[in-house]
Structures are given as structure tokens and as C-alpha cells.
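Residues in the sequence shown are numbered consecutively from 6, following the working numbering. All residues carry an ideal CB built from backbone N, CA and C; glycine is no exception. Here the structure is laid out as C-alpha cells; the discussion comes afterwards.
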Amino acid sequence: MMVKLGAAVGTVLFIAVLAAAGVVNAVSALFGSSSSAHVNCAKPVEDIPPAFCALYVAAASVCPGLDWSVLAAIGKIETDHGRLDAPGVTSGENFAGAGGPMQFLEPTFAGVLGRHVLPPGGATPPSRYNPHDAVHAAAFYLCDSGAPQDLYKAIFAYNHADWYVRDVLAQARKYAESADLGSGNCVEIRAATPAARLTIDFACTKLGLPYVWGGDGEVEGGFDCSGLTKAAYHAAGVELPRTAHTQHDAGPRVPSGEPLLPGDLVFYGTSRDIHHVGLYIGAGQMIHAPTFGEVVKIGPYRWTGDDYYGATRPHRAVSM
């Protein structure tokens, strides 16, 4: 699918995509492959306690392809990662009979134990109030219910409400993006969306090619800054305008203060003259075609005296 972005484009939000007919495809596009192996729980990931972060990452492995962020989102919505001061979190049950940090009904938890052996590290016997046991049981339950192939169905089985599924997926996306801010190199490419990954993959293959004014790579054998970003996004199925200024105006813009994600476009100049664009790849680095006499290379996206203007996120305007 090729998506064309222009000055009048609107941000295609994930929730809006879920409401469309392609719900399963949209969910698969976001969590089609697990990013759990890339999560460093020693660094703060939003509001997740490090111990719970490690549990979510470890438990995701019992359901191949399940992303850790889905477990984290359920833990957040159910009990704020076990921090909620309410009946049924650390003991007892809530009004519906649920208990523990992942809010299991006793029969449901027992059913999981009847089908699976929980990994060592929890309580003896396993308890729905033990975070290790509860998180691993949640992963097994989601897997039994269709995850990761039909993630929407699996989350709906966890709590039979469409609003709940939407909230979990939105929270999961937030966690996944926060944890996966990119490597800053082409050896270990990390990106939160398939479109961003394809875009970065393409740009990485062009490292070392010369800067060519007006270059699109096909005929000229090199690129200028916006020619590189246009070609890279074309490889991911997104058509951008040709110049840095029109690419900026095409959006969708990243709000000021929000962390950049791999695949974002970073722009330099003023509101009247956006004169340069690069492709952000994480860790403060971008791939760009700098200027005459230089080559396509990786370099810092901020430097002393720069005229950084802002960023856009075209990879959020397409579901693959």
C-alpha cells in the first residue's frame, strides 16, 4: 500500500485505524514482531517499576511473538503495576471477584495452571497475588486466547469490552515507543513501526553515496537531503513531497517535548525556510545527506549553533 502525504494530510491515529474494517491488520502492524529482546529495564520506561518491567519482558517469551508492552499495558490498566490501593490487588478480591496485580478470577487462574507450568521464581504453590506468577499466567492466557496472531481477540477475552481493548493497545503503543527509541546505528536497527524500520533499512544502504543537489539516487548516483528522505519513505510505501519544506508541512508533526522515535524526520531552518531534513534513527543520531562535498552519513541531529526546527512522523500515517 502506498500512502501519499501532502500539506492537507491529517494524522492517522491508531484508534481510528482500529475502528476501521482492518482491525486485525492494524494490530498486527503495530505488534507484528516482539520487541522484548531490545528492552532495557534498567532504564526507566515510562511509569513501569523496573521489577515489573523485567517480569513483562520475561513473561512475553512464553508466548512467541507476544510483545512485552501488551502485558505491561494490562498491568497498568488493571492495577497500575500492583500499586493501586484497592481491594483485590495484594489480597482479597474486588467487586467482580478478581485478585492480584493482573486481576485474575480464581477459576481463570486455576485454568491457566491446569494447562501450563509456570516458570520457577514465583510462589509455591503459584498465586495470582504473586507478580511473577500473575504476569506469566497472563501471558499464557493471552496466548491461549489467540495472541499474537489475533491480539484484539486475545485482549477481548481478558476483559470483554471493546473500550478495554482500545485502551490496552493505546497504552501498549506508548510503552513500546518509550522503550524502543532506537540504537543510533545501522547494525542494530530498532523501530516501533514496520514503516519506520523499512525507511531506516533503505537509508542505511545508501551510506557513503555522494551528496548531489537535486539527487534522488536513481540516475544521479547520489542524494540531496530531501531526495534521500523521499526515497527512503518510498521504500516503506509512503510518498513524501520533494523538498524539505514541503515534507515538513506534510506532517504529521511531533509535538514539542515528545521524545523522537526512529523513523521521524528532523528539520532545520525557520517557518519560512526549512532548508535541511534528516532521518532520525535513535540515540541522538540521524542519517542525512549534509551538503556539497560530503556523503550520506550518520551524525548527531543536534549540535552547537544548529537551527533545529522540529520533527514529523510519517511512519504513523500508514499501517502495513
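Item	Value
I believe residue 136 touches residue 123 by the beta-carbon criterion, under 8 Å. Please report the beta-carbon distance rounded to the nearest angstrom.	12 Å between Cβ atoms; not a contact.
Our contact map puts residue 270 next to residue 319 with C-beta atoms below 8 Å; I'd like the distance itself, whole angstroms only.	7 Å
Quick check on residue 48: does DSSP put it in helix, strand or coil?	coil
Could you tell me how far apart the beta carbons of residue 201 and residue 298 are, in whole angstroms, since I believe they sit closer than 8 Å?	About 30 Å; that fails the 8 Å criterion.
Does the Cβ-Cβ distance between residue 93 and residue 104 come in under 8 Å?	yes
Kindly list the residues whose CB is nearer than 8 Å to the CB of residue 317, restricted to its own chain and excluding five residues on each side of it in sequence; keep chain order.	252, 253, 255, 256, 257, 258, 259, 269, 270 and 272
How long is the line joining the alpha carbons of residue 24 and residue 290, rounded to whole angstroms?	Residue confidence for residue 24 is low, a pLDDT of 36 falling below 50, so the modelled location carries little weight; the figure read from the coordinates is stated next. Looking at the two C-alpha atoms, the distance is approximately 35 Å.
In three-state terms, what does DSSP make of residue 84?	helix
Apply the 10 Å Cβ neighbour rule to residue 138 and answer buried if 16 or more other Cβ atoms are within range, or exposed otherwise.	buried
So, is residue 321 buried or exposed, given that buried needs 16 or more other C-beta atoms within 10 angstroms?	buried
Helix or strand or just coil, what does DSSP make of residue 290?	strand
Is the beta carbon of residue 75 less than 8 Å from the beta carbon of residue 173?	yes
If I'm right that residue 286 touches residue 222 with Cβ under 8 Å, what's the distance once you round it to whole angstroms?	So it is not a contact: roughly 18 Å between Cβ atoms.
By Cβ distance, which residues of its chain are closer than 7 Å to residue 182, with the 5 residues on each side in sequence left out?	197 and 266
Residue 54 and residue 86 look like a contact to me (Cβ under 8 Å); what is the Cβ gap, rounded to whole Å?	6 Å
Report the CB separation of residue 184 from residue 67 in whole angstroms; it is logged as a contact under 8 Å.	No, residue 184 and residue 67 are not in contact; Cβ-Cβ is about 19 Å, not under 8 Å.
So, at 7 Å on beta carbons, what are the nonlocal neighbours of residue 300 in its own chain, with the 5 sequence-adjacent residues on each side left out?	213, 214, 215 and 216
Among 293, 305 and 73, which has the Cα closest to the Cα of residue 204?	293
When you compare only the Cα positions, how much space is there between residue 28 and residue 150?	Confidence at residue 28 is low in this model, with a pLDDT of 41, below 50, so the placement of that residue is unreliable and no value is reported for it.
Taking just the CA atoms, how far does residue 311 sit from residue 97?	58 Å
When the Cα of residue 276 is compared with those of 264, 282, 262 and 250, which residue comes out closest?	250
Tell me where the beta strand (DSSP E) around residue 270 begins and ends.	270-274
How would you label residue 235, buried or exposed, when you count the other beta carbons within 10 angstroms and need 16 or more for buried?	buried
What is the C-beta distance between residue 228 and residue 220, in whole angstroms, given that I count them as a contact (C-beta under 8 Å)?	5 Å
Work out the CA separation of residue 162 and residue 61 for me, nearest whole Å.	19 Å
Helix, strand or coil for residue 211 per DSSP?	coil
With distances taken between CB atoms, is the gap from residue 152 to residue 71 smaller than 8 Å?	yes
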